[in-house]
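Numbering (the working numbering), first residue to last: 1 to 386.
Even glycine gets a Cβ: it sits at the ideal position worked out from N, Cα and C.
One structure is given here, and the rest of the page talks about it.
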Amino acid sequence: MLPFPVEFFFFALTLLGVALMHQRNFEIALTGLVVIALYKVSELGYPLLPHLGHEAPLLLNLLGLLLGFAILAKVFEESHVPDLLPHWLPDDWRGGFLLLVLVAVISSFLDNIAAAMIGGVIARRVFQGKVMVGYLAAIVAASNAGGAGSVVGDTTTTMMWIAGVPAIHVADAFIASIVAVAFSAFVAAHKQHAYQPIRKDWPRDHTVDWMRLGVVGLIIGGAIAANVILGLPAVGVWAAILLGALIRPVPWREAFHALKGSLFLIFLVTAASLMPVDKLPAASVHTTFGLGFVSAVFDNIPLTKLALDQGGYDWGMLAFAVGFGGSMIWFGSSAGVAITNEFPEAKHTGRWIREGWHVAAAYVLGFWVLYFVLGWVPEALIHAGS
C-alpha cells in the first residue's frame, strides 16, 4: 500500500521518464496520461469525460497559442528585424543581457510564450545559431518573469485577475522578477558571450519587411484583445493569422513542426489535472516558496486554480513562484516547451538544469528579496486593509 495516491506514483514515473529519455518525451507523456486515465476510470470510477469537457477550453487555448506563436516567430524572423538588431545591441556581454531584459519587458504586456519565441528568434540570429542551453533557459526565465507581475502577461495572472485579485497586488511580483532577471541575465549573458559573441557585422543590404512586421503586430494585438474580451487569446491569434494571410503568405509548416512538442505539453497538463490534489498545505510563505519548485514539474495553471480555490495567499508572491518557478525545467512552462520546439537540444533535462542553474538561484534570490521588502501580505490582510 502506497502512502500516497497511486496517481501521483504514475505521474512521478512519467516525469522521470521525460527527464531521463527526452528523445521519447512525446510517447512517454502520452503513455503516462493513458495509464493515469485508465486507472482512475477502472479503479475509481472517475467521470473522465465530464472532466475533459471542463478542461477542453483551457487545453485548446494552450494548444492554439503554442501553434500560433510558432507561426508568429517565423513571420517575425522573415521580417528581417532580427538581422538588424546587432547594429543596436552592444557586441559584448551587455548585448546578451539587454536582449534578456527586452524579453522580460515584452512579456509584461504580451503572452510569455510569444515573448520567449521572439527572444529565441533574435538569439539565433545575433549568436549565429550557436545558443547555449543555459541562455535558452534564461530566455524562458525572462519571459516568465515579465509575465509574473502583469495580469495580461501570463495565463496564471490572468486567472487571478478574473477571479477578483486586484492587478496592483499581482504587480508586487515585479520586485522579485527584476532581481531574478538581473541575476539570471548577468550570468547567462557572460557565459553565452564566452561561448559565442554577438555578431556585429549586420547585413546592410537587408531592409525591414514592414508588411510582415505589421502581421506580427496584428497577431500580438489579437492575442491581447481576445484575452481581455474573451479570456481566450488563441482565438485572437488565429483570427489575426487568417487576416494576415491576405497580406503575406502564412508559414503553415511552422505550426506542423511545433505540433508534436505542443501536444506533449497538452498531455502533461491533462495528466496533472487528473491528480487528486484536493487541498494544498495551508497558505504560508514556505508553502508558496515550495510551489515554485513544484511548478517546475507540475503545470502552474492547475496549481494556480487550486490556490485560488483555497485562498489566503499573497498573490504577488504566488504569481512569481508559480510563474518563474516553471523555468527551472524546460517542460515546467508553456514558454519552455515552445522554445524547445525551435531548439530541440534544450529538451535534454540534465543540460537544462546544469547549464541553467542560475535560473533556480535567481528564483530563490528573487523570492526572498520580495519577502524582505514587502513581507507576507495574504489575501485576508489585503481585504482588511481595503
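Check: Alpha-carbon spacing of T14 relative to D209, whole angstroms; Outcome: 44 Å
Check: Span of the alpha helix (DSSP H), counted from its first residue to its last, around V364; Outcome: W357 to L374
Check: Contained beta strand (DSSP E) runs [length at least 3] in the region 192 to 235, N- to C-terminal order; Outcome: none
Check: Assigned secondary structure, F343 (DSSP; H/G/I helix, E/B strand, else coil); Outcome: coil
Check: N- and C-terminal bounds of the alpha helix (DSSP H) containing V285; Outcome: V285 to V294
Check: Cβ-Cβ distance between T304 and M159 below 8 Å; Outcome: yes
Check: Chain-order list of residues whose beta-carbon lies under 7 Å from that of A258 (same chain, five-residue window excluded); Outcome: L66, L67, A70 and N341
Check: CA-to-CA distance, L102 to G147, given in whole angstroms; Outcome: 12 Å
Check: Whether V387 touches V75 by CB criterion (8 Å); Outcome: Because the chain here runs from 1 to 386, residue 387 falls outside it and cannot be looked at.
Check: Supposed close pair R253, M211 - CB separation, criterion 8 Å; Outcome: So it is not a contact: roughly 20 Å between Cβ atoms.
Check: A271 vs G32 beta-carbon contact at 8 Å; Outcome: yes
Check: M132 versus Y195 - alpha carbon distance; Outcome: 8 Å
Check: S295 vs G332 beta-carbon contact at 8 Å; Outcome: yes
Check: Complete runs of the alpha helix (DSSP H) confined to the region 131 to 171 [at least 4 residues]; Outcome: 133 to 148, 155 to 162 and 167 to 170
Check: Coarse secondary structure for V377, derived from DSSP in three states; Outcome: coil
Check: Cutoff 6 Å; reference L16; Cβ partners in own chain excluding five residues on either side; Outcome: none
Check: Supposed contact pair A182 and G316 - C-beta distance, whole angstroms, cut 8 Å; Outcome: Wrong, their Cβ atoms sit about 18 Å apart, outside the cutoff.
Check: Residue from L60, L89 and I329 with nearest C-alpha to H193; Outcome: L89
Check: Beta-carbon contacts of L58 that lie in its chain and below 7 Å, excluding the five residues immediately before and after; Outcome: I301
Check: Local conformation of M394 per DSSP, three classes; Outcome: The requested residue 394 is not part of the displayed model; the chain covers only 1 to 386.
Check: Continuous alpha helix (DSSP H) stretch holding G45: start and end; Outcome: Segment: none, G45 is in no alpha helix (DSSP H) and carries neither H nor E.
Check: Simplified DSSP assignment, three categories, for W88; Outcome: coil
Check: Span separating the alpha-carbon of V359 from that of V41; Outcome: 39 Å
Check: Reduced DSSP category for A282 - H, G, I as helix; E, B as strand; rest coil; Outcome: coil
Check: Alpha carbon of V250 to alpha carbon of W238, nearest angstrom; Outcome: 11 Å
Check: Distance, G95 Cα to A470 Cα; Outcome: Nothing about residue 470 can be reported from this structure: the residues present for the chain run from 1 to 386 only.
Check: Host alpha helix (DSSP H) of S262 (start-end); Outcome: W252 to S273
Check: Buried/exposed call for I266, threshold 16 Cβ in 10 Å; Outcome: buried
Check: A123, buried or exposed, once every other Cβ within 10 Å from all chains shown has been counted against 16; Outcome: buried
Check: Closest residue to R24 among K347, F8 and V228 (Cα-Cα distance); Outcome: K347
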